[in-house]
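A short write-up of the structure that comes next.
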Amino acid sequence: MPRSKISGITDKFRAVVDEPYEKLKQWKEVNKKKIVGCSPMHFPEELIHAAGMLPVVLQETDETITTGFSYIYPFFCGITRNLIDIGVKGQLGFLDGLIYSDLCVQNRTAASILRQNLPSIYVEFAQLPSSFTKEGVMEDTIKELDRIKANLEKLTGRKIDDKSLKQSILVYNKNRSLLRRLHDLHRADPKLLPYRDMQVIVQSSMLMPKEEHTQLLEELLSEMEGMKPTSVKGSRLFLSGHLCQSPKADILDLIEGVGGVIVDDDLYTGYRHYAVDVEVNGSPIQALAKRHLEKSLPVPTRTDLPIRWEKYLVDRVKASKAQGAVILVVKFCEPHLFYYPFIKEALAKACIPHIMVETEHEVVSLEGVRTRLQAFIEMLR
Amino acid sequence: MSVAVGVDIGSLTAKTVIMDSDSHITSYRVIQGKLVDEAAAIASLNQALNDAHLAKAEIGFLVTTGYGRNMVSFGDKSITEISCHARGAQFLFPGVRTVIDIGGQDSKVISLNGEGSVINFAMNDKCAAGTGRFLEVMAHALEVSIEEMGALSLEAKNPATISSICTVFAESEVISLTAHGRIKLDIIAGIHEAIGRRMHSLVNHVGVVPPIVMSGGVAKNVGVVRVLEKLLGTEIFVPPEPQIVGALGAALFASDELKGKV
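Top line first, the protein sequences correspond to chains A and B.
Start counting the first sequence at 2; every next residue gets the next number (this note's numbering).
Start counting the second sequence at 10; every next residue gets the next number (this note's numbering).
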């Protein structure tokens, strides 16, 4: 049965996501290769891959914050506090390198704290320009990527030449194109997979060797493409928010459990992650810089956006034919909360109903969220 | 006879409304229970059936609502209290634009389009401050009954200031004010003003559009209603039995099902 085959493959992805750091430690013992962790969103993993190491995007875990309380303010967002907490407890000690990049003030603080507390690890702060369009940003981006490239070469003892970097770009582009195929399949038939599984597939792509993930993804797609479309009943919803982490599966299950059908998204662990490829012609470093500057989707952690995020969102929601939008905001996410009033106004102006749900690392009252989400769906009918 | 029934299983009380095929309320019951209490829900249903001389077999469709809507073992469909309070309020006050509902442990403000459809809502989803439970704790601290608080507060000459919005801290503040010799009337009035300020902020999330209807157990407290009227600058309409508005809405949805309108 194709369904059971699909479940079998998604279970493999889930096993990686459920215990990300344990699985990575095991992988390192078997493969004897270096692993470099990246903070989410902006750093091009291709550069680490081309140096012969495994790049991974750091994921939030469910662990209760304990030791980390001594290092960081309680009004920092969940993923920042969680990563600092597990970092100072020694759970990230298996990493050979850690690259943070400039997304927000909280992320900058996290890099400093982890640098001090993980002295045996190469900790880098990638100062990639946050502006899309200011004069000189291309040169600055290339310069910064070259600087980090040289440091990665020192770490691994291996030269990153254009040929290997292009090869890595091809590996990553292929994985992104398959994720886009999955996204398109899901968009055409949202009942194919629960959204928690869609998230698991994207999250695992950030944790597994890309080649291995691509192979599993190809198997999954060949099973899914042979399936008959299911009839979609429910209220069509567009999911936006969670700029640098995956929403907890409980929230996604709630949305679907009360009759919502997620038809498209603007999540980091979703369309935002795989929407755009890196060009393969010309200088590969320049191509990475171009993806960062010219091809990035609007996001509030960047400035001088070529198109306002709220306008982009309204266009995407309209294109998805969603009846409403669910905006998932991580508590204390300053860039997102700064932007939310603009989003609220733009959605209202476009007559798109929306509900904002704030999520936290610590347990949220799910029954209250359930009532709000169910009432929102009832309102759309 | 096949009747439509709405059962609202709240955090502190269970309410049942039975409605006949002409959309008339046949009977209703409000039962004080434990926290989300199925036994209280069943008791309110059975007593309302008895009052109307009906047997269980005569229930045509039953909609559950309230915090415990999905936790009880009976019911043909569950609908949120937000939709049900809006529907109930529209039935009692056609053309209502805003419903303020303060129940046992949550409060909500619902915006309607004037024809009964919900267009927006806001809900306290993280803290029970300013709800019925808050009033219960304060009544206990002041050694007065919750029923008399509303009338007592209207006699206050110099309302005290309760600065905390947290139930636990507000209770400490009330005890401290008592120790400083403030009279009960003024403290009760201060408590109502604290609830009013908190609700005012929630109302602003969806906008103040009259006519405004207040439902839920706290609407029985005339002191809170007056404070809110003052803060919002408009009259608030309170139905004779504000606690059954959610169950009434649920019964109306059940009635739709019976009439094949869904």
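Backbone N, C-alpha and C define an ideal beta-carbon position, used for all residues, glycine too.
Beta-bridge partners of A/P56 (DSSP): A/V37.
Taking a cut-off of 8 Å on C-beta distances, the segment 17-29 of chain B touches the segment 45-56 of chain B, as three or more cross pairs fall below it. Of the candidates B/L194, B/E90, B/S210 and B/V177, B/E90 places its Cα closest to the Cα of B/S224.
Linking A/H355 to A/V201 through their CA atoms gives a straight-line distance of about 25 Å.
One thing to note: B/I221 has its Cβ no nearer than 8 Å to the Cβ of B/L240. For B/T73 and B/K229, the gap between their C-alpha atoms comes out near 23 Å. Put simply, the backbone Cα of A/A376 is about 31 Å away from that of A/Q60.
Taking 7 Å as the cut-off between beta carbons, none of the residues of the segment 292-319 of chain A comes near chain B. At least one CB atom of chain B sits nearer than 8 Å to the CB of A/E379.
Think of a sphere of 9 Å around the beta carbon of A/A347: no beta carbon from chain B falls inside it, the nearest being about 16 Å out. Residues of the segment 104-130 of chain B with a C-beta atom less than 9 Å from some C-beta of chain A are D115, K117, I119, S126, V127, I128, N129 and F130, listed in chain order. Under the 8 Å criterion on CB atoms, A/G369 is classed as interfacial with respect to chain B. The C-beta of A/T372 comes closer than 8 Å to at least one C-beta of chain B. Separation of the CB atoms of A/I122 and A/G98 is rounded to 6 Å, and the pair is thereby assigned contact status at 8 Å. Non-local C-beta neighbours of B/H214 in its own chain, meaning closer than 6 Å and more than five positions away in sequence, comprise A131, ordered along the chain. The criterion of a C-beta distance shorter than 8 Å is satisfied by A/F333 and A/F77. The CB of A/Q107 never comes closer than 7 Å to any CB in chain B; the least such distance is about 21 Å. Non-local C-beta neighbours of B/G69 in its own chain, meaning closer than 7 Å and more than five positions away in sequence, comprise S11, V12, A13 and L267, ordered along the chain. In the three-state scheme derived from DSSP, where H, G and I count as helix and E and B as strand, A/S241 is classed as strand. Interface criterion not met: the Cβ of A/A16 is under 8 Å from no Cβ in chain B.
Taking the C-beta atoms as reference points, A/E224 is found no nearer than 8 Å to B/Y76. Below 8 Å, enough C-beta pairs join the segment 32-42 of chain B and the segment 256-270 of chain B to call them touching: three or more.
For A/H274, the closest alpha carbon among the candidates A/L119, A/L244 and A/R303 is that of A/L244. Shown here for B/V218: same chain residues with a beta carbon closer than 6 Å to its own, the five before and five after excluded, namely R106 and T107 in chain order. Annotated three-state conformation of A/H43 is coil, per DSSP. For A/V279, no alpha helix (DSSP H) run applies, since DSSP gives it neither H nor E. In the three-state reduction of the DSSP assignment, B/V222 falls in the strand class. By the 16-neighbour rule on beta-carbons within 10 angstroms, A/Y74 is exposed. Here B/F246 has F102, V105, P220, I221, V222 and M223 as same chain residues with Cβ atoms under 8 Å from its own Cβ, once five neighbours each way along the sequence are excluded. Of the residues assessed, A/V31 falls on the exposed side of the cut-off, its CB having fewer than 16 other CB atoms within 10 angstroms. The beta-carbon separation of A/G94 and A/L119, rounded to 7 Å, stays under the 8 Å limit for a contact. Of the candidates A/S8, A/T372, A/K24 and A/D12, A/K24 places its Cα closest to the Cα of A/M209.
Straight-line spacing of the CA atoms in B/S173 and B/R207 works out to 10 Å. With distances taken between CA atoms, A/R177 lies nearest to A/A276 out of A/A276, A/L186, A/D265 and A/L329.
Per DSSP, the continuous beta strand (DSSP E) segment holding A/A326 begins and ends at G325 to V331.
Between A/L153 and A/A288, the CB-CB gap reaches or exceeds 8 Å.
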